[in-house]
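**Student:** Sending over a structure as structure tokens; questions will come in a sec.
In the working numbering, the protein residues as written are 1 to 438.
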């Protein structure tokens with residue numbers, strides 16, 4: 001018996017099949033909602049929220065983490081003396097990689113994946129967020145986001161919001177898989193076919209000879225911008241200041257005048273030090289000076305920005321539209337850098353970008369997730385999202401288990417055309433898989 005339907009493009013009609021009807025044009029066969037079904041019957045439902053732990057071995061010659069950045073804790077000598085992060089070496093040139101991913105399944109057989117994420121977020125997802133998802137429509141991302149947010153009044157920032165972000169990204173991956181479309185298209189894009197990336201050198205040695213070698217290599221690979229990380233702050237005195245200046249000087253002399261350099265303070269300076277350093281750094285023309293003070297010091301951000309000629313960036317360690325709006329209201333930054341996997345996911349980043357477009361300020365998301373970043377960036381006009389951060393070492397780790405990791409070619413990342421975000425796993429790299437339960 002024929003059923004009635006409402007076609008999004010052509011209006012009411014009738015057909016004997018919900019999808020794949022041979023009598024209907026292909027472009028309309030997936031765009032129908034049956035009129036004689038209740039809303040509860042039409043909706044796909046989430047049947048499972050699983051966190052999996054994957055283990056594998058990554059090949060890399062030498063020490064993976066050569067140096068670390070300056071940290072707020074470094075005001076204490078016992079922390080200042082700590083070296084870079086250590087990875088577990090399982091053999092010569094082989095390192096153990098462990099990553100957690102959230103996987104959301106439905107009664108229609110379609111699924112989505114988010115991650116990688118750390119163990120503490122896995123706990124929050126399984127114990128607090130999963131019960132809010134099971135049995136609900138995964139396409140209703142705004143409703144799900146709001147319910148998760150309202151359930152965590154004590155988790156508006158930090159681990160709980162990061163866990164929510166991972167779930168939201170998994171839901172968008174699911175949505176793209178359901179509609180057989182890349183997420184950037186569902187977000188309103190793409191606005192371009194490729195996006196310029198900058199080489200973010202977290203974990204690289206700041207020995208001048210190695211800085212020169214690596215920076216020139218980045219330029220040879222097509223990058224038109226590179227970001228490096230200071231190791232010294234206010235408690236390191238004049239010698240520390242000279243080491244910071246040496247890094248900037250080496251970078252500028254290595255890449256020449258036509259390649260941008262960015263410099264990251266990672267929340268570890270204060271106002272007098274930042275102003276003094278910025279004035280001495282001016283001759284090297286940095287594109288920006290990043291996170292000069294702790295995130296909550298919004299007025300100090302604005303104070304520094306008003307006193308220096310180098311643009312100021314920040315927002316990586318801020319959360320949600322409300323947190324970023326406070327920064328924008330204060331005129332704290334020239335460039336905003338929320339992390340999609342921390343600030344509230346793709347759903348919330350869209351709202352932050354709408355705010356940024358109203359304030360006429362650019363957003364360059366922190367580079368935790370290249371797959372999520374490229375879809376969000378490509379959905380917006382270039383003045384709002386001009387480029388992508390590619391954390392070279394971190395993205396080797398974060399994309400290790402992905403079947404199709406995204407890497408810049410000639411300094412650009414091509415906008416994906418496959419459905420979803422691009423979170424399919426490379427089974428050949430998985431040595432062990434465990435379902436995480438609490």
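For every residue, glycine included, the Cβ atom is placed at its ideal position computed from N, Cα and C. Remember, predicted model here, so these are calculated numbers, not experimental data.
1) To the nearest angstrom, how far is it from the Cα of residue 22 to the Cα of residue 419?
2) Which one of 416, 423 and 119 has the shortest CA to CA distance from residue 402?
3) Within the same chain, show all residues whose beta-carbon is closer than 7 Å to that of residue 218, passing over the 5 residues directly before and after it, in chain order.
4) Taking its Cβ as the centre, do 16 or more other Cβ atoms sit within 10 Å of residue 291, making it buried, or is it exposed?
5) Which residues share a DSSP beta bridge with residue 260?
6) How is the alpha helix (DSSP H) around residue 240 delimited, first residue to last?
7) Check residue 207 in the structure and name its three-state DSSP category.
8) Residue 115 and residue 99: beta carbons closer than 8 Å?
9) My assumption, with CB atoms under 8 Å, is that residue 284 sits in contact with residue 67. Please give the rounded CB distance.
10) Starting from residue 116, trace the beta strand (DSSP E) in both directions and tell me its first and last residue.
11) Cutting at 6 Å between CB atoms, please list the residues of its own chain near residue 193, excluding the five before and the five after it.
12) Look up residue 195 in the DSSP assignment and give the residues it is bridged to.
13) What's the C-alpha gap between residue 124 and residue 237?
14) Starting from the C-beta of residue 374, find all residues in its chain whose C-beta is less than 7 Å away, skip the five residues before and the five after it, and write them out in chain order.
15) For residue 345, which of helix, strand or coil comes out of DSSP?
16) Which residues in the same chain as residue 158 place their Cβ atom closer than 8 Å to its Cβ, once the five residues preceding and following it in sequence are excluded?
17) Roughly how many angstroms lie between the CA atoms of residue 160 and residue 74, to the nearest whole one?
18) How should residue 404 be labelled, buried or exposed, when 16 other C-beta atoms within 10 angstroms of its C-beta is the threshold for buried?
19) Cβ of residue 250 within 8 Å of Cβ of residue 208?
20) Can you tell me the Cβ-Cβ gap for residue 269 and residue 247, rounded? I've got them flagged as a contact below 8 Å.
21) Tell me whether residue 26 sits in a helix, a strand or coil according to DSSP, three-state version.
22) Pick from 430, 398 and 390: whose alpha carbon is nearest that of residue 223?
**Tutor:** Working from what's here:
1) Counted from its first residue, the chain shown places residue 22 at position 22. Counted from its first residue, the chain shown places residue 419 at position 419. Low confidence applies here, because residue 22 scores a pLDDT of 47, under 50, leaving its location unreliable and the question unanswered by this model.
2) In the chain shown, residue 402 corresponds to position 402, counting from 1. Taking only the C-alpha atoms, the option nearest residue 402 is 423.
3) The sequence position of residue 218 within the chain shown is 218, counting from 1. Within the same chain, and ignoring the five residues on either side of residue 218 in sequence, the residues whose Cβ sits closer than 7 Å to its Cβ are 199 and 226.
4) Taking the chain shown and counting its residues from 1, the one referred to as residue 291 is at position 291. With 16 or more neighbouring CB atoms inside 10 Å of its own CB, residue 291 falls in the buried class.
5) Working through the chain shown from its first residue, we reach residue 260 at position 260. Paired residues: 225.
6) Taking the first residue of the chain shown as position 1, residue 240 is located at position 240. Annotation: the continuous alpha helix (DSSP H) that includes residue 240 extends over 237-255.
7) Counted from its first residue, the chain shown places residue 207 at position 207. Per DSSP, reduced to three states, the secondary structure at residue 207 is coil, with no helix or strand assignment.
8) Working through the chain shown from its first residue, we reach residue 115 at position 115. Working through the chain shown from its first residue, we reach residue 99 at position 99. Taking C-beta atoms as the reference points, residue 115 and residue 99 count as a pair closer than 8 Å.
9) By 1-based counting over the chain shown, the position of residue 284 is 284. By 1-based counting over the chain shown, the position of residue 67 is 67. The Cβ separation is near 20 Å, so there is no contact.
10) In the chain shown, residue 116 corresponds to position 116, counting from 1. DSSP places residue 116 inside the beta strand (DSSP E), whose first and last residues are 111-117.
11) Taking the chain shown and counting its residues from 1, one reaches residue 193 at position 193. Within the same chain, Cβ atoms closer than 6 Å to the Cβ of residue 193 are found at 415, the five residues on either side in sequence being excluded.
12) Taking the chain shown and counting its residues from 1, one reaches residue 195 at position 195. For residue 195, which the question treats as bridged, DSSP gives the partners 413.
13) On the chain shown, position 124 is the one that residue 124 refers to. On the chain shown, position 237 is the one that residue 237 refers to. Residue 237 has its alpha-carbon roughly 42 Å from the corresponding atom of residue 124.
14) As a first step, residue 374 is located in the chain shown; it is residue number 374 there, counting from the start. Counting only residues of its own chain and dropping the five nearest sequence neighbours on each side, residue 374 has a CB closer than 7 Å to the CB of 195, 388, 406, 413, 415 and 416.
15) As a working mapping, residue 345 is identified with position 345 in the chain shown. Looking at residue 345 - three-state DSSP - the assignment turns out to be helix.
16) Position 158 of the chain shown, counted from the start, is the residue given in the question as residue 158. So the qualifying residues of the chain are 319.
17) Within the chain shown, residue 160 is the residue found at index 160, counting from 1. Within the chain shown, residue 74 is the residue found at index 74, counting from 1. Rounded to the nearest angstrom, the gap between the Cα atoms of residue 160 and residue 74 is 26 Å.
18) The count along the chain shown starts at 1 and reaches residue 404 at position 404. By the Cβ-count criterion, residue 404 is exposed, with fewer than 16 other Cβ atoms from all chains shown falling within 10 Å of its own Cβ.
19) Indexing the chain shown from 1 puts residue 250 at position 250. Indexing the chain shown from 1 puts residue 208 at position 208. Between residue 250 and residue 208, the C-beta gap is smaller than 8 Å, which places the two residues in contact.
20) Your numbering for residue 269 matches position 269 in the chain shown. Your numbering for residue 247 matches position 247 in the chain shown. Rounded to the nearest angstrom, the Cβ distance from residue 269 to residue 247 is 14 Å, too far for a contact under 8 Å.
21) Stepping through the chain shown from its first residue, residue 26 is reached at position 26. Any reading at residue 26 must be qualified, since the residue scores a pLDDT of 45, below 50, and its modelled position is unreliable; the value itself is stated next. Three-state result, residue 26: helix.
22) Here the question's residue 223 lines up with position 223 in the chain shown. Closest in C-alpha terms to residue 223, from the list 430, 398 and 390, comes 390.
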